[in-house]
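Student: Here the sequence shown stands for residues 82 to 219, where the numbers follow the numbering used here.
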Amino acid sequence: MTRKVAVFRTAHFNAAHRLNVPQWTDEQNKAYFGLCNNANYHGHNYELEVKVVGAVDEVSGYVIDMKVLKTFIDEEVIEAFDHKNLNLDVPDFASLNPSAENIVWVIWEKLRKRIDNQFELSVRLYETPRNFVEFNGK
Ligand code: NI
């Protein structure tokens with residue numbers, strides 16, 4: 082019988098960002114985004130949880146090789162985002178507000194391209210220990 086199991090891999094990165102909507106006035110942006118609108122940017126310690134669901138291989142006993150999953154996360158997320166200014170250094174956010182909601186979507190898109198479609202993929206991103214978002218492609 083095929084058993085489906087969820088496997089998780091965590092990672093973290095530090096990055097700076099600024100939330101700002103160009104079409105809004107400075108006052109509107111400040112009122113809506115608060116500290117995250119600071120003109121000179123600010124940083125977060127982002128924590129990432131990647132969840133992959135799939136059938137357990139009867140020979141290896143694995144769903145997915147975690148070393149391979151780690152490599153995907155390192156190449157697609159950590160190398161692209163860690164110690165970067167998301168607004169200025171990461172092309173994905175050149176015209177996309179780097180909110181946690183948008184960051185988790187960008188990360189999901191990047192990882193989805195690397196992970197075989199037989200697996201379900203869900204990504205959770207903690208901007209702070211109390212604020213976190215999750216995206217599973219739906
Ligand atoms: Ni912020």
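No residue lacks a Cβ here, since even glycine has one placed at the ideal position from N, Cα and C.
Report the rounded CA-to-CA distance for A181 versus E201, giving the unit in angstroms.
Tutor: As a working mapping, residue 181 is identified with position 100 in the sequence shown. As a working mapping, residue 201 is identified with position 120 in the sequence shown. C-alpha separation (whole angstroms): 21 Å.
Student: Please classify K165: does DSSP put it in a helix, a strand, or coil?
Tutor: As a first step, residue 165 is located in the sequence shown; it is residue number 84 there, counting from the start. Correct three-state label for K165: strand.
Student: For S203, which beta-bridge partners are listed by DSSP?
Tutor: On the sequence shown, position 122 is the one that residue 203 refers to. Note: S203 sits in a beta bridge opposite K132.
Student: Using 8 Å for Cβ pairs, my map puts V185 next to E215. What's the rounded Cβ distance?
Tutor: Numbered from 1 along the sequence shown, position 104 holds the residue referred to as residue 185. Numbered from 1 along the sequence shown, position 134 holds the residue referred to as residue 215. Indeed they touch by this definition, with Cβ atoms about 7 Å apart.
Student: I'd like to check one pair, F174 with N166: are the Cβ atoms closer than 7 Å?
Tutor: Working through the sequence shown from its first residue, we reach residue 166 at position 85. Working through the sequence shown from its first residue, we reach residue 174 at position 93. No Cβ-Cβ contact shorter than 7 Å links N166 with F174.
Student: So for K191, helix, strand or coil by DSSP?
Tutor: Counted from its first residue, the sequence shown places residue 191 at position 110. Helix at K191.
Student: Are the beta-carbon atoms belonging to I196 and F94 less than 7 Å from one another?
Tutor: Locating residue 196 in the sequence shown gives position 115, counting from the first residue. Locating residue 94 in the sequence shown gives position 13, counting from the first residue. No, Cβ-Cβ distance for I196 and F94 is not below 7 Å.
Student: Throw me the rounded Cβ distance for the N119 and R99 pair, which I believe falls under 8 Å.
Tutor: Start at 1 with the first residue of the sequence shown, and residue 119 comes out as number 38. Start at 1 with the first residue of the sequence shown, and residue 99 comes out as number 18. The pair is a contact, with the Cβ atoms about 6 Å apart (cut-off 8 Å).
Student: Determine the DSSP secondary structure at K151, reduced to helix, strand or coil.
Tutor: Numbered from 1 along the sequence shown, position 70 holds the residue referred to as residue 151. The answer is helix: DSSP assigns K151 an H, G or I state.
Student: Give the secondary structure of G124 by DSSP, where H, G and I count as helix, E and B as strand, and everything else as coil.
Tutor: Position 43 of the sequence shown, counting from 1, holds the residue named residue 124. Of the three classes helix, strand and coil, the one that applies to G124 here is strand, per DSSP.
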